[in-house]
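What follows is a short report on a single structure.
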Amino acid sequence: MLRCTFVLLCFIYSSTVHSLEWWEGGNFYQIYPRSYMDSDGDGIGDLLGIASKIPYLKSIGIDGVWLSPIMKSPQADYGYDISDYKDIHWEYGNLNDFDKLLAACKENGVKLILDLVPNHSSNKHEWFEKSEKRVPGYENYYVWHSGTFDPITGKRVPPNNWPSVFRFPAWTWSNIRKQFYYHAFLAAQPDLNYRNPKVVQEMKDVISFWLNKGVYGFRIDAVPYMFEVKPDFRGNYPDEPLTGATCPNPEDYCYTQHIYTQDRDETYDMIFQWRSLINSISAASVDKLPRIIMTEAYTSFDNIIRFYGDGNRNGSHIPFSFDLISNVNIDSTAEDYKYRIDRILSAIPKGQHANWVLGNHDQHRMATRLGVERTDLLNILLQTLPGIAVTYQGEELGLKNTYLTWEETLDPSACNTQDPINYEKLSRDGCRTPFPWNNSTNAGFSTASKTWLPVNPDYVTMNVQFQEAAANSHLKIFRKLTALRKQNVLRQGKYESNLVNNKNVIIYRRWYETDVVIVILNFGKTAVVNVPEAFPSVNFPSTMKVYTGSLNNFEAGAELTLTSINVPADKAVVLTNMSL
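Reading the sequence shown from the start, the letters are residues 1 to 580 in full-length UniProt numbering.
Here it is, written out as C-alpha cells:
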C-alpha cells in the first residue's frame, strides 16, 4: 500500500444549466444486429430478435439505441455496402419487422437511431448499375475517370496513387463503362459523388424516409471520406504525397497522406445541410422532440470539433470523440487519461456536449484493449463524466474479444491482409461475435447448429443471466451507474478533477445544488487517497457513502473516511452524499 506524495493538477468544467432534451446527457447503446439476438434460428441476429430485447435495454438505463446497418445489402462489408437505402436486409427481416421494433422501442421509452452509410453504396445498387451503363441522369452519381495509359504494357491504369482503406488501389476498372470508379473502401463500395446535386437530394430523401417512419436520428458512417478534391480543368485528380519510409508499400493505405480524399471543407457543409433538414422534420413531428445526428470520423481532434458547427450553422449533435479510443491503451496512466479528458472538455463549444466512447464494432473490446482489471473503472469513468455516454453491446458485461482462427475470420479488413499470422491485428470479428444471454446453446443467442461467427467459449459465466443472478457483477455495477447518470448531479452538475498520489489517481467531484458525487480512479498500485487534500477549498464531511465501485472491492452503502480511502490497483469507487 502506498501513501504517495500529493500532486494537484486541477481542471474545472461547467456547462450551461438548462432544461435538457432527451439526448443531452443521455446514455446510448450500440447494437451490431447480426450478433445481438436471432429470432428465427438461422444463426444471424435480426430485427425481431432485437425487439425482444428492448426491455433489457430499458432495464440497464439506455436512452437511445443505434443499430449498425440494417438496410438491404449484399454484405460484402456486413451492411456497409447498401444496395437499397429504403429497405431492410432480408437476413434481418422486413419493413413490417422494423415497425415492430419501433413499437417495442416506443413502449419502453428507448429512442431508435439508425446507421447511415452515405459515403458509398454497394456496386449492386440501382444507382451504380445505371451509372455504369451511362443511363441519362445517372452518369455522374459516382466518381469516374478514364485513367491513363501505361506506355510499357499499353494498358489503362488508375489515374493516380490513391489507395483504398482496405489496401490496394482505390480505383477499379469497369468493363461495362470502360472507366475506373473510385472507392475509398472495397471495390464493392463505390463512392457516391456529392458534387452532383442529384446525389445530394437522393440522400436527403433517404434521411426523410426513415425519420418519417419514426427513427430519432442517424449515426453517420465514414464522414471524412464524403468528398474528394475537385478535378483540375483537364478532369484529372492529383497524386497524394507519400508518407515515406514509415509506410513504403504502395498497396497499404498509409502509403499516402490523404490530403485530397479526407476532411474536405465541403464535408462539413453537407453535415450542416442534413442538420437543417433534420431540424425541420423534428419541428413538424407530432412529439416535437429533436431528432439527432451522430457522426463517425477518425480524424484530427480539431476536425472533430468542427462537426459541432461553424458559429452560424449547427452540425452534428454528437460528433463521436475518439480521442480516448485512439490514444489510450492497456499501459496508459492516469495522467494520459486526464490529459485526453481535459482536452475534450476544454474544446467543446458553448452550448454543446462532450461525448465519451471507449468501444465499438471497429475496435478490439474495451476489456481486451484497455485491461480486464480496469473493466469497472472504465465503465465508471464513462458514466460519470459530463456529457453523453456511448456503450457498445457487451461492455456492460465486461466481455473480452473472441479468438477466431484465420479460417474462421470473415472481416475483409483482416482477410485483405492475406496474412494468416498477423491478421488478428486488423480483424474486427473478435468484438462482433454473438451476444451472450445465458449459458444455454450458443449463449442463448440462437438455436442454430452454427452461428455466423462462433460464440466466445467464456459465455458459460460471461452472460446476462449469470450476472443478473450474482450478488454483484459488472452488469449490476453498470445498472447502478446509469441510474446515477439520470440524476441532475451527473446530467447538469459541475465538474472538477485532479491528479493525486504521484499522478497515479484521477479524482473528480460532480456537484449540483447540495448533491455531490466523488469519483476515484486508481490507474496505479494500491493507494490511500485523501479526498479533502485534492480539493482544499471545499468543505467536506468526514465521511461519505459508497454508491458503487469495482467488483468485489467496495460495498455499497459503506461509510468511508474521506481522508483515508484505500483504493486497490486498477479499481475505482463512486461516493455520494445522496440518498439513493
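For every residue, glycine included, the Cβ atom is placed at its ideal position computed from N, Cα and C.
Task: Rounded straight-line distance, which links the Cα of Y508 to that of A572 - done: On the sequence shown, position 572 is the one that residue 572 refers to. On the sequence shown, position 508 is the one that residue 508 refers to. The straight-line gap from Cα to Cα measures roughly 12 Å.
Open item on the list: Please tell me whether R479 and Q383 are closer than 7 Å, where the distance is taken between their beta carbons.
Closed with: As a position in the sequence shown, residue 479 is number 479, starting the count at 1. As a position in the sequence shown, residue 383 is number 383, starting the count at 1. Contact flag unset, no.
Open item on the list: Just to confirm the assignment, what range does the beta strand (DSSP E) spanning D515 have?
Closed with: Numbered from 1 along the sequence shown, position 515 holds the residue referred to as residue 515. D515 to N522 is the span of the beta strand (DSSP E), which, as asked, contains D515.
TODO: Would you mind reading off the limits of the alpha helix (DSSP H) that contains W274?
DONE: In the sequence shown, counting from the first residue as 1, residue 274 sits at position 274. Counting along the chain, the alpha helix (DSSP H) containing W274 begins and ends at D265 to A284.
Task: 6 Å Cβ shell around G214 - same chain, five flanking residues per side excluded - done: As a first step, residue 214 is located in the sequence shown; it is residue number 214 there, counting from the start. Excluding residues within five positions, the ones whose Cβ falls inside 6 Å are L102.
Open item on the list: According to DSSP, simplified to helix, strand and coil, what is Y138?
Closed with: As a position in the sequence shown, residue 138 is number 138, starting the count at 1. Here Y138 sits in coil by DSSP.
Open item on the list: Taking the beta carbon of L560 as the centre, do at least 16 other beta carbons fall within 10 Å, making it buried, or is it exposed?
Closed with: Position 560 of the sequence shown, counted from the first residue, corresponds to residue 560. So L560 counts as buried.
Task: Inter-residue Cα distance where the pair is F320 and V117 - done: On the sequence shown, position 320 is the one that residue 320 refers to. On the sequence shown, position 117 is the one that residue 117 refers to. For F320 and V117, the distance between alpha carbons rounds to 15 Å.
Open item on the list: Taking the beta carbon of Q418 as the centre, do at least 16 other beta carbons fall within 10 Å, making it buried, or is it exposed?
Closed with: For this step, residue 418 is matched to residue 418 along the sequence shown. When all chains shown are included, Q418 counts as exposed.
TODO: Compare the Cα-Cα distances from G244 to each of F233, N236, Q257 and L277 and report the closest residue.
DONE: In the sequence shown, counting from the first residue as 1, residue 244 sits at position 244. It is Q257.
TODO: Could you tell me whether the Cβ atoms of N193 and V135 are closer together than 7 Å?
DONE: For the purposes of this step, residue 193 is taken as the residue at position 193 of the sequence shown. For the purposes of this step, residue 135 is taken as the residue at position 135 of the sequence shown. No, the pair does not count as a contact, with Cβ atoms beyond the cut-off.
TODO: Determine the closest residue to N488 out of T447, G387 and L426, with distance taken between C-alpha atoms.
DONE: Against the sequence shown, residue 488 aligns to sequence position 488. The candidate whose alpha carbon is nearest that of N488 is G387.
TODO: Along the alpha helix (DSSP H) that carries N488, what are the first and last residues, could you check?
DONE: By 1-based counting over the sequence shown, the position of residue 488 is 488. From DSSP, the alpha helix (DSSP H) with N488 extends over N488 to R491.
Open item on the list: Assuming Y337 is part of the alpha helix (DSSP H), what are its boundary residues?
Closed with: In the sequence shown, residue 337 corresponds to position 337, counting from 1. Segment A334 to A347, the alpha helix (DSSP H) holding Y337.
Open item on the list: To the nearest angstrom, how far is the alpha carbon of T563 from that of G524?
Closed with: Sequence index remark: in the sequence shown, residue 563 carries index 563 (1-based). Sequence index remark: in the sequence shown, residue 524 carries index 524 (1-based). Taking the straight line joining both Cα atoms gives about 19 Å.
Open item on the list: Across the stretch 273-285 and the stretch 207-223, are there enough close Cβ pairs to call them in contact, namely three or more that are closer than 8 Å?
Closed with: yes
Open item on the list: Between the alpha carbons of P541 and T482, how many angstroms are there, rounded?
Closed with: One-based indexing of the sequence shown puts residue 541 at position 541. One-based indexing of the sequence shown puts residue 482 at position 482. Their Cα atoms are separated by approximately 26 Å.
- [ ] With a cut-off of 8 Å on the beta carbons, I'd call I220 and E132 a contact; round off their distance for me.
- [x] Position 220 of the sequence shown, counted from the start, is the residue given in the question as residue 220. Position 132 of the sequence shown, counted from the start, is the residue given in the question as residue 132. Actually they are not in contact, since the Cβ atoms of I220 and E132 sit about 26 Å apart, beyond 8 Å.
Task: Collapsed DSSP secondary structure at T405 in the structure displayed - done: Your numbering for residue 405 matches position 405 in the sequence shown. Coil at T405, not helix or strand.
Task: CB of N140 within 7 Å of CB of N196, strictly - done: Within the sequence shown, residue 140 is the residue found at index 140, counting from 1. Within the sequence shown, residue 196 is the residue found at index 196, counting from 1. Contact: yes.
Open item on the list: Check this for me: beta carbons of L324 and R343, under 7 Å apart or not?
Closed with: Start at 1 with the first residue of the sequence shown, and residue 324 comes out as number 324. Start at 1 with the first residue of the sequence shown, and residue 343 comes out as number 343. The answer is no: Cβ separation not under 7 Å.
- [ ] Give the DSSP bridge partners of N355, in chain order.
- [x] Counting from one through the sequence shown, the residue named residue 355 turns up at place 355. According to DSSP, which records beta bridges pairwise, N355 is partnered with I388.
Open item on the list: I need the straight-line Cα distance from A283 to C247, nearest angstrom please.
Closed with: Sequence index remark: in the sequence shown, residue 283 carries index 283 (1-based). Sequence index remark: in the sequence shown, residue 247 carries index 247 (1-based). For A283 and C247, the distance between alpha carbons rounds to 49 Å.
Task: Those residues which DSSP pairs with K480 across a bridge - done: Looking up residue 480 in the sequence shown gives position 480. Bridge partners of K480: none, in fact.
TODO: With DSSP collapsed to three states, give me the class of G41.
DONE: On the sequence shown, position 41 is the one that residue 41 refers to. In this structure, G41 counts as coil in the three-state DSSP scheme.
- [ ] Measure the C-alpha to C-alpha separation of I318 and I292 and round it to an integer number of angstroms.
- [x] Reading the sequence shown from its first residue, position 318 is the one you call residue 318. Reading the sequence shown from its first residue, position 292 is the one you call residue 292. Answer to the nearest angstrom: the Cα atoms are 8 Å apart.
Task: Neighbourhood of T391 by C-beta distance below 6 Å, restricted to the same chain and skipping five residues each side - done: Taking the first residue of the sequence shown as 1, we reach residue 391 at position 391. The answer, listed in chain order, is Y29.
Open item on the list: Quick check on this structure: which residue in L289, D150, R365 and L370 has the alpha carbon closest to the alpha carbon of E21?
Closed with: Here residue 21 corresponds to residue number 21 of the sequence shown, with the count starting at 1. It is L289.
Task: Three-state secondary structure (DSSP) of E107 - done: The residue you call residue 107 lines up with position 107 of the sequence shown. E107 falls in the helix class under three-state DSSP.
TODO: Have a look at the DSSP bridge pairing and note the partners of Q467.
DONE: The residue given as residue 467 occupies position 467 in the sequence shown. None, per the DSSP bridge assignment.
Open item on the list: Taking DSSP's pairing of strands, which residues face E496 in a bridge?
Closed with: For the purposes of this step, residue 496 is taken as residue 496 along the sequence shown, with counting starting at 1. Answer by DSSP bridge pairing, in chain order: I12 and R509.
- [ ] Identify every residue that forms a DSSP beta bridge with V538.
- [x] If you number the sequence shown from 1, residue 538 lands on position 538. None, per the DSSP bridge assignment.
Open item on the list: Using 7 Å as the threshold, is the C-beta distance between L385 and W356 below it?
Closed with: To locate residue 385, count along the sequence shown from 1; it is residue 385. To locate residue 356, count along the sequence shown from 1; it is residue 356. Yes, Cβ-Cβ distance for L385 and W356 is below 7 Å.
Open item on the list: I need the straight-line Cα distance from R374 to T368, nearest angstrom please.
Closed with: The sequence position of residue 374 within the sequence shown is 374, counting from 1. The sequence position of residue 368 within the sequence shown is 368, counting from 1. So the two alpha carbons sit approximately 10 Å from each other.
Open item on the list: Rounded to whole angstroms, what is the Cα-Cα separation between F227 and S73?
Closed with: Taking the sequence shown and counting its residues from 1, one reaches residue 227 at position 227. Taking the sequence shown and counting its residues from 1, one reaches residue 73 at position 73. So the two alpha carbons sit approximately 23 Å from each other.
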